[in-house]
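Visitor: If you scroll down you'll find the structure; I have some questions about it.
In the numbering used here, the protein residues as written are 7 to 546.
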């Protein structure tokens, strides 16, 4: 009798334990961990899964594996292709005129570091490790170790609450603050990964789900790679874009000047076209050799891809750590970059342009327990949509102050609805800045077409401009329009703005653009000198 009672108790205990485990598993599934990996300037051309001319080099085998086991988004775009504003939009879910970060020089107020606060309210522990570049410290995160400004590729210093040394750091424009720092030995991609692994192992609150934002510095220019990659691709020919040599009818009077009179001033170049910033000079390529542009491109790309290789290898380290800690199955892994990057297309380097290679962002989502695997999505996504989506994944609802929209349903197998956005807005503010010399412009992109208006003025009036040695902010450039049929001309070689065949499409896109600018608080209420240009040239 006693044996039967004991057996009954043991069976009951086992059943209750199994039910508790099931309940725990359900809770765990409803609150997945989130590992948000973001590199700097890792453009879609430098992946295998995005199928560009560089895919055959197999530059990202580990990220590709993650992508092929998850969801690949093909139409993800930033609203401002430059580090600080893009990162501000990712954290706030807002466009620049709303969050206050127009270019590289404005800080993001701590009070506007919305995403970590919203995630904490949903029970998450939050951490950011790596590149930050938002001037103010990431005070709304539970934990942070971040580079000051751009930080260094080699032997980086990281700012944290518990740094070993107290020192004064210049956050730009004379903004000097006393912070706690720790200096590490090694390459930044390795160190940032080391610190994330340390946090995952020993520093997080293991009773809570986490959101870890792991931000690589690489492959930001000038591409200082770890020494172990110095022979990677050394004897390999790197495929070159045709537009490196033949620009066709890309551009307009706004980007080339009348009769190409401004091509030596606008847009930093691979070769010697731009007299202020041609990358070959920076790489010490002999300017007298006839194939200067070819050699500059080859060296430029090899350095870039060596940095990409370091990122890819460290992504594998992060994945291995999640598996070792038993976190892999219940962790959503997102891989993205803060914007795209020009790799010689149209003889341009860097980003900033609304052209496809600069505006387009990689975006990969992997979650073995809860999401579809091995599929692609072509819905139009904007980086302001990231924060609302992460909040939605965590079981919350995006607050009304966020301008972006959640695309969580697209992760769960739903198809794009008719209500989903049909176009995405873009705005580059830093007119002729950082010696890359890109004119200020805005526009919209649909799945098939792109319309760009270059207004050619810095956001400050001329009497308020203070030169900093990095830009030519007071150098106004001509206003002009560009329109591209992306289905027929995905490489944007033919500006069709004045082609009568597209007149109706252009007219409708201008209506959409005007409506978007109003709805997104992008009508330049504080910039009447820009409003004047828009008014005078809207119907050109």
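Positions of the beta carbon are idealized from the N, C-alpha and C atoms, including for glycine.
1. If distances are taken between C-alpha atoms only, which option among 358, 333 and 301 comes closest to residue 242?
2. Which value, in whole angstroms, describes the spacing of the CA atoms of residue 207 and residue 252?
3. For residue 542, does the count of other Cβ atoms within 10 angstroms reach 16, so buried, or fall short, so exposed?
4. What's the gap between the Cα of residue 615 and the Cα of residue 171?
5. Is the stretch 360-370 in contact with the stretch 67-85, if contact means three or more CB pairs nearer than 8 Å?
6. Note the first and the last residue of the continuous beta strand (DSSP E) segment covering residue 220.
7. Under 8 Å by Cβ, that's how I've got residue 465 and residue 435 pegged, so tell me the actual separation to the nearest angstrom.
8. DSSP on residue 394, reduced to helix/strand/coil?
9. Less than 8 Å between C-beta atoms, sequence neighbours within five positions excluded: which residues of the same chain meet that for residue 293?
10. How is residue 490 classed by DSSP in three states: helix, strand or coil?
11. Exposed or buried, residue 344, counting other C-beta atoms within 10 Å across all chains shown (16 or more means buried)?
12. How big is the Cα-Cα spacing for residue 152 and residue 118?
13. Measure the beta-carbon distance from residue 44 to residue 219 and round it to whole angstroms, keeping in mind my assumption that it falls under 8 Å.
14. Considering only C-alpha positions, which residue in the set 52, 71 and 104 is nearest to residue 530?
15. With distances taken between CB atoms, is the gap from residue 408 to residue 100 smaller than 8 Å?
16. When the Cα atoms are used, what is the spatial distance from residue 383 to residue 512?
17. Enumerate in chain order the residues of its own chain whose CB-to-CB distance from residue 70 is below 6 Å, with the five nearest sequence positions on each side excluded.
18. For a quick check, are the C-beta atoms of residue 417 and residue 377 less than 8 Å apart?
19. Smallest Cα separation from residue 380: which of 234, 76 and 111?
20. Is residue 468 near residue 539, with beta carbons less than 8 Å apart?
21. Report back the beta-carbon spacing between residue 486 and residue 269 to the nearest angstrom; my notes put them in contact at under 8 Å.
22. Can you have a look at residue 22 and say buried or exposed, based on whether 16 or more other CB atoms are within 10 angstroms of its CB?
23. Ignoring anything shorter than 4 residues or poking outside the stretch 476-540, list the alpha helix (DSSP H) runs there in chain order.
24. Can you give the Cα-Cα distance for residue 32 and residue 374, rounded to whole angstroms?
25. Quick one: Cα of residue 230 to Cα of residue 309, how far?
26. Could you work out which residue in 112, 158, 525 and 431 is closest to residue 223 when comparing CA atoms only?
27. Kindly indicate which residue of 533, 460 and 493 has the alpha-carbon position closest to the one of residue 546.
28. For the beta strand (DSSP E) holding residue 39, just list the boundary residues, first then last.
29. Kindly indicate which three-state DSSP category residue 328 falls into: helix, strand or coil?
30. In whole angstroms, what is the alpha-carbon distance linking residue 351 and residue 168?
31. Taking the alpha carbon of residue 88 as the reference point, which residue from 163, 48 and 516 has its own alpha carbon closest?
32. So, under 8 Å CB-CB, residue 528 and residue 441 are touching, yes? Tell me the CB distance rounded to an integer number of Å.
Guide: Short version:
1. 301
2. In a straight line, the C-alpha of residue 207 is about 52 Å away from that of residue 252.
3. exposed
4. Here the chain has residues from 7 to 546 only, and residue 615 is not among them.
5. yes
6. 216-221
7. With a Cβ gap of about 5 Å, residue 465 and residue 435 count as contacting.
8. helix
9. Same-chain partners within the cutoff: 278, 286 and 287.
10. strand
11. Residue 344 is buried by the Cβ-count criterion.
12. 18 Å
13. 7 Å
14. 104
15. At a Cβ-Cβ threshold of 8 Å, residue 408 and residue 100 count as neighbours.
16. 26 Å
17. 54 and 55
18. yes
19. Taking only the C-alpha atoms, the option nearest residue 380 is 76.
20. no
21. Contact doesn't hold; Cβ gap of about 14 Å is too wide.
22. With a pLDDT of 46 at residue 22, under the threshold of 50, the modelled position of that residue is not reliable, and no figure is offered here.
23. Fully enclosed alpha helix (DSSP H) runs of 4 or longer: 509-525.
24. Residue placement at residue 32 cannot be trusted, given a pLDDT of 37 that sits under 50; what the coordinates show is reported in the next sentence. Roughly 15 Å separates the two Cα atoms.
25. Whole-angstrom Cα-Cα distance: 7 Å.
26. 158
27. 460
28. 39-45
29. Residue 328 falls in the helix class under three-state DSSP.
30. Straight-line Cα distance between these residues: approximately 44 Å.
31. 48
32. About 26 Å; that fails the 8 Å criterion.
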